[in-house]
Amino acid sequence: MTWRPVFGTDPTVAAVRREAFLRGARAAGPALVATSIWGLVTGVAMIKTGLTTAQALAMTLFVYAGSAQMAALPLIAADAPVWVVLLTATVVNLRFVIFSATLWTYFGRLSLARRLMLGYLTADIGLALFMSRYGNAPDDRRGNTEQVWYLLGTCGATWLSWQPMSIIGILLAGLIPGQWGLEFAAILALLAITVPMFQGRPAVAGCLTAGVVAVLAAALPLKLGLLVAVIAGVSVAMAADVLLERNTEGRAP
Amino acid sequence: MMSGGDIWLTIAGLTLVTIVTRNAFLVLGHKVALPERVQHALRYAPACALAALIVPEVVLISGTPVLDFSNPKLVASVIAVATLLLTRRAVAAIALGMLAFTLIRLL
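Here the protein sequences line up with chains A and B, keeping their order. Residue numbers in the first sequence follow numbering that gives the first Met the number 0, run continuously in steps of one, and reach 252 at the last position. Residue numbers in the second sequence follow numbering that gives the first Met the number 0, run continuously in steps of one, and reach 106 at the last position.
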């Protein structure tokens, strides 16, 4: 199989591209079970929150950011103002801003259209696999054909495991009885994204603060308690950061 | 529940949020440099936002905190977090959490 439209007509270049793409897709293999179940849960959760089939399909295809989608659902259910939902999703997605800064050091030279496509496709797992393979690549070796197609492999495989399962979830959600409480699976999925982020004491302190403040401020109108909690959490994490840094400096010989 | 129009507006807005955050630096390049402090804040913010979203959903029952075993969402979350810390398997954590959530509500 040559797949000419995908890998191009020059046989030598096509071979390099195809090999790198397949290697990337294979590297993503073990993670695909998780992403496909995740996609399914997200699809079901969107419908169980009350979105129509058309709305849920548009959300999965255009937004394609599981944690931001999951974060938006309880806010949509609670009739929060649109700007609060968007601000929350932006904060949840801020990690992608860091990802994009990393990707630029590799792919800054590609055309704008290609960079935009890589940006749309690059989710957490695809980038993590890419960085574990090419994270130490020297500056003059960054962004070569092999790397572009490896990233397309890891991210393309993730996309292909997520979207069909999400669509199946959207279409089958109607068959699942409401009293099963499957919306709660969305909260557990969010929890499973958050716990691995507890790296280092500042992050843990920030998350605990954000959680407690969010409960205390839950009665504020417009779901504004959420934003107050995020500001409090980040402030505590940053303060802990500064304190820890000062302690280490003090102890240094 | 939001109105249909607001939901469509939200979906359009979320699409824009994905495009902007995923491509911010991939498009702008290093014309704008991020100070290290800002990078740290960007790293902490998503975890804090998720914690702020999850904890009230788990702890509050009709607006009041319920912090004992009578709260099925709390028990399920504790089991899910324990599974995550012990096995690092997200799918197992969601499955065991849902199992606990369902069993407690049935009993």
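Glycine is no exception: its CB is placed at the ideal position from the N, C-alpha and C atoms. Every value quoted in this text rests on a predicted model; they were computed, and no experiment measured them.
For the alpha helix (DSSP H) holding residue i, just list the boundary residues, first then last.
i         : result
Asp78(A)  : Where Asp78(A) is concerned, there is no enclosing alpha helix (DSSP H), given that its DSSP letter is neither H nor E.
Gln38(B)  : 35 to 58
Met164(A) : 144 to 171
Asn22(B)  : 3 to 27
Trp103(A) : 93 to 106
Pro201(A) : 200 to 215
Ile46(A)  : 10 to 48
Val90(B)  : 89 to 105
Phe129(A) : 123 to 133
Gly118(A) : 111 to 120
So, for residue i: in the same chain, excluding its five sequence neighbours on each side, which residues have a beta-carbon less than 8 Å away from its beta-carbon?
i         : result
Thr52(A)  : Ile46, Ile169, Leu170
Gly96(B)  : Ala75, Ser76, Ile78, Ala79, Thr82
Ala217(A) : Gly224
Ala239(A) : Arg200, Pro201, Ala204, Gly205
Is the beta carbon of residue i less than 9 Å from the beta carbon of residue j?
i         : j         : result
Tyr149(A) : Ala19(A)  : yes
Thr59(A)  : Ala71(A)  : no
Ala44(B)  : Ala191(A) : no
Thr104(A) : Arg132(A) : no
Ile53(B)  : Ala75(B)  : no
Val26(B)  : Ser110(A) : no
Cys47(B)  : Gly232(A) : yes
Val32(A)  : Leu181(A) : no
Leu73(B)  : Val194(A) : no
Ala24(A)  : Thr153(A) : yes
Pro80(A)  : Leu221(A) : yes
Phe106(A) : Thr17(B)  : no
Val101(B) : Trp179(A) : Checking the displayed sequence, the identity of residue 101(B) turns out to be Thr instead of Val. It is a contact, given that the beta carbons lie within the stated cut-off.
Leu102(A) : Leu151(A) : no
Ala184(A) : Ile93(B)  : yes
Met0(B)   : Gly173(A) : no
Val90(A)  : Val58(B)  : no
Gln68(A)  : Leu15(B)  : no
Pro73(A)  : Ile186(A) : yes
Val5(A)   : Phe24(B)  : no
Ala99(B)  : Pro71(B)  : yes
Arg88(B)  : Arg94(A)  : no
Gln54(A)  : Trp7(B)   : yes
Which whole-angstrom value is the C-beta distance of residue i and residue j, which I expect to be below 8 Å?
i         : j         : result
Thr157(A) : Gly125(A) : 5 Å
Ala50(B)  : Ala209(A) : 4 Å
Asn92(A)  : Thr9(B)   : Contact flag wrong, Cβ pair sits at about 14 Å.
Thr34(A)  : Ser160(A) : 5 Å
Leu228(A) : Val212(A) : Leu is not the amino acid found at residue 228(A); the sequence shown has Ala there. Confirmed, about 4 Å.
Gly7(A)   : Ala14(A)  : That pair is no contact at about 10 Å.
Arg16(A)  : Thr144(A) : 6 Å
Ser66(A)  : Leu189(A) : 7 Å
Ile75(A)  : Val84(A)  : 7 Å
Asn22(B)  : Arg114(A) : 7 Å
Met237(A) : Ala40(B)  : 6 Å
Can you give me the Cβ contacts of residue i inside the same chain, cut-off strictly under 7 Å, excluding the 5 residues immediately before and after it?
i         : result
Pro252(A) : With a pLDDT of only 48 at Pro252(A), under 50, the local geometry of the prediction cannot be trusted, and the value read off the model is given with reservation. Correct list: empty, nothing qualifies.
Ser2(B)   : none
Phe129(A) : Tyr149, Leu150, Thr153
Leu155(A) : Sequence inspection shows Gly at residue 155(A); the Leu mentioned does not correspond to that position. Cβ neighbours of Gly155(A) beyond the five flanking positions: Ala24, Leu120.
Which same chain residues, not among the five before or five after residue i, have their C-beta less than 6 Å away from its C-beta?
i         : result
Asp67(B)  : none
Gly42(A)  : Ser165, Gly168, Ile169
Leu207(A) : none
Interfacial residues, the stretch 185 to 209 of chain A to chain C, with Cβ spacing under 8 Å: This model lacks chain C altogether; the protein chains it does include are A and B.
Identify each residue in the stretch 21 to 44 of chain B for which the Cβ-Cβ distance to at least one residue of chain A is less than 9 Å, and report them in chain order. Arg21, Asn22, Ala23, Phe24, Leu25, Val26, Leu27, Gly28, His29, Leu33, Arg36, Gln38, His39, Ala40, Leu41, Arg42, Tyr43, Ala44
The stretch 81 to 97 of chain A: which residues have C-beta closer than 7 Å to a C-beta of chain B, in chain order? Residues of the stretch 81 to 97 of chain A with a C-beta less than 7 Å from any C-beta of chain B: Val81, Val84, Leu85, Thr87, Ala88, Thr89, Val90, Val91, Asn92, Leu93, Arg94, Phe95, Val96, Ile97, listed in chain order.
Beta carbons nearer than 9 Å to chain A: which residues of the stretch 0 to 21 of chain B have them? Met0, Met1, Ser2, Gly3, Asp5, Ile6, Trp7, Leu8, Thr9, Ile10, Ala11, Gly12, Leu13, Thr14, Leu15, Val16, Thr17, Ile18, Val19, Thr20, Arg21
Along the stretch 111 to 127 of chain A, what residues have a CB closer than 8 Å to any CB found in chain B? Residues of the stretch 111 to 127 of chain A with a C-beta less than 8 Å from any C-beta of chain B: Leu111, Arg114, Leu115, Leu117, Gly118, Tyr119, Thr121, listed in chain order.
Between the stretch 53 to 81 of chain B and chain A, which residues of the former have a C-beta closer than 9 Å to a C-beta of the latter? Of all residues in the stretch 53 to 81 of chain B, Ile53, Val54, Pro55, Glu56, Val57, Val58, Leu59, Gly62, Pro64, Pro71, Lys72, Ala75, Ser76, Ala79, Val80 have a Cβ within less than 9 Å of some Cβ in chain A.
Within 8 Å of chain B by C-beta, residues of the stretch 155 to 178 of chain A in sequence order: none
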